[in-house]
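Asker:
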Amino acid sequence: MAKNLRLKAARAKKDLSQQQLADAVNVTRQTISAIERGDYNPTINLCREICREFDLTLNDLFWEE
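Residue numbers (my numbering): -6 to 58.
Here it is as structure tokens:
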């Protein structure tokens, strides 16, 4: 699985820590870290929650070409 650098970049642009994002979408900081490292494949519902936090689409954050 590829690293999710777009998620990390979106988080940095909004100046959110992994913990702050985790709190906003009701998961652990370790879950956000694992998603960014490519070690965890989040559910579609979690992807949607994360996208809502950044006002981005699923394609913006999670689509792999």
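For each residue, glycine too, the CB sits at the ideal point set by N, CA and C.
Does the separation of the CB atoms of LYS(-4) and GLY31 fall below 8 Å?
Answerer: Here residue -4 refers to the residue found at position 3 when the sequence shown is read from its first residue. Here residue 31 refers to the residue found at position 38 when the sequence shown is read from its first residue. A contact, by the Cβ cut-off of 8 Å.
Asker: For ALA3 and ASN38, what's the separation of their Cα atoms in angstroms?
Answerer: The residue labelled residue 3 in the question sits at position 10 within the sequence shown. The residue labelled residue 38 in the question sits at position 45 within the sequence shown. If you take the alpha carbons of ALA3 and ASN38, they lie about 18 Å apart.
Asker: Where do the ends of the alpha helix (DSSP H) carrying VAL18 lie?
Answerer: For the purposes of this step, residue 18 is taken as the residue at position 25 of the sequence shown. Unbroken alpha helix (DSSP H) run through VAL18: 11 to 18.
Asker: Can you tell me which of the three DSSP states THR24 falls into?
Answerer: Start at 1 with the first residue of the sequence shown, and residue 24 comes out as number 31. Of the three classes helix, strand and coil, the one that applies to THR24 here is helix, per DSSP.
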